[in-house]
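Numbering (our numbering), first residue to last: 931 to 1222.
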């Protein structure tokens, strides 16, 4: 099996995938490399379009090293008989942990404190933060990541509200409508897929419904948030701040960079050694099963 990995991956993940076949890692000419490939492995950077797929002569599988499939033209894959797979469970814990990390860092002004110390500024009185214990976490989307986040946040003493089309009986979270979640949550974390209904779901109207001083965290998809509305809300102080790991366009070069109360990370959700090893193993397993 010839396996082309088009996006950056940790060495450990590549080594796991190499157990399933011969690997070409990050070819300079993807259109040329895909011509003879049996499997194409992507993360979020490569856009698997119909035009790219038209160059493939032997491709049997497109494997997404992660959850979302919005960068893959699944209709084009279906027409060519190419199987599309992903690794939905491999990065769940990594994303849930990053979400909690961003929540704590935002509420304790860690980023601002770090930069001040680097500039030899000792200014404790302007860095008084807030504890997450006793605060309300609103989780929008209660799937694998949302539900695991709820478990971790519950252990830290947070009250959990959730909004999801499919409420679960016996869940840690209390399921409520979006309006109530926005109104009562101190931290709002987004864990929904990018579909037409979720595109720009965080906008001027929804921000206007939020509890004043709330923090917004997005480790799902950039297009879920109207960036102009978020910028205005953070700059005015209507919301306390935001922590963003995903963007409309990546690499990100937008105006959120101007704001001190916005944390920006370069799409790090699945970027842990452990998650990458799990992803590599899952993809290798999927490729092996396809051969049988």
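All C-beta atoms in this analysis are idealised placements derived from N, C-alpha and C, irrespective of residue type, glycine included.
Keep in mind it's a predicted model, so treat the numbers as computed, not measured.
Taking 8 Å as the threshold (C-beta atoms), are residue 1169 and residue 1146 in contact?
Reading the chain shown from its first residue, position 216 is the one you call residue 1146. Reading the chain shown from its first residue, position 239 is the one you call residue 1169. A contact, by the Cβ cut-off of 8 Å.
Which residue from 1189, 1197, 980 puts its Cα closest to that of residue 1182?
Looking up residue 1182 in the chain shown gives position 252. Residue 1182 has its Cα closest to that of 1197, out of 1189, 1197, 980.
Find out if the Cβ-Cβ distance for the pair residue 1143, residue 1175 is shorter than 8 Å.
Within the chain shown, numbered from 1, the residue matching residue 1143 stands at position 213. Within the chain shown, numbered from 1, the residue matching residue 1175 stands at position 245. Not in contact: residue 1143 and residue 1175 (Cβ atoms no closer than 8 Å).
Cβ neighbour criterion (16 or more within 10 Å) applied to residue 1092:
Here residue 1092 refers to the residue found at position 162 when the chain shown is read from its first residue. It is buried - the Cβ of residue 1092 has at least 16 other Cβ atoms within 10 Å.
Can you tell me whether residue 987 is helix, strand or coil according to DSSP?
Stepping through the chain shown from its first residue, residue 987 is reached at position 57. It is coil, neither helix nor strand.
Does the region 957-969 come into contact with the region 979-992, if we say contact requires no fewer than three beta-carbon pairs (one atom in each stretch) closer than 8 Å?
yes
Among 1074, 950, 1139, 1041, nearest to residue 1059 - alpha-carbon criterion
Within the chain shown, residue 1059 is the residue found at index 129, counting from 1. Of the candidates 1074, 950, 1139, 1041, the one whose C-alpha sits nearest the C-alpha of residue 1059 is 1041.
Using DSSP's beta-bridge definition, name the partner residues of residue 1066.
Stepping through the chain shown from its first residue, residue 1066 is reached at position 136. In DSSP, residue 1066 forms a bridge with 1089.
Who are the near neighbours of residue 1097 in its chain, counting only those whose CB is closer than 8 Å to its CB and skipping five residues on each side?
Here the question's residue 1097 lines up with position 167 in the chain shown. 1072, 1105, listed in sequence order.
From the DSSP secondary-structure annotation, give me the bridge partner or partners of residue 1172.
For the purposes of this step, residue 1172 is taken as the residue at position 242 of the chain shown. The partner list for residue 1172 (beta bridge, DSSP) reads 1146, 1192.
With a threshold of 6 Å on Cβ separation, who are the neighbours of residue 1029 within its own chain once the five nearest residues in sequence on each side are excluded?
The residue you call residue 1029 lines up with position 99 of the chain shown. Excluding residues within five positions, the ones whose Cβ falls inside 6 Å are 1079, 1119, 1147, 1149.
For residue 1136, the first and last residue of its enclosing beta strand (DSSP E):
Along the chain shown, read from residue 1 onward, the residue named residue 1136 stands at position 206. Premise fails: residue 1136 lies in the alpha helix (DSSP H), 1134-1138, not in any beta strand (DSSP E).
For residue 1206, I'd like the list of residues in its chain whose CB is within less than 6 Å of its CB, leaving aside the five on either flank, ordered along the chain.
Walking along the chain shown from the start, residue 1206 turns up at place 276. Hits under 6 Å: 940, 942, 943.
Got a sec, what are the start and stop residues for the alpha helix (DSSP H) residue 947 sits in?
Translated into positions along the chain shown, residue 947 becomes position 17. First-last of the alpha helix (DSSP H) with residue 947: 941-948.
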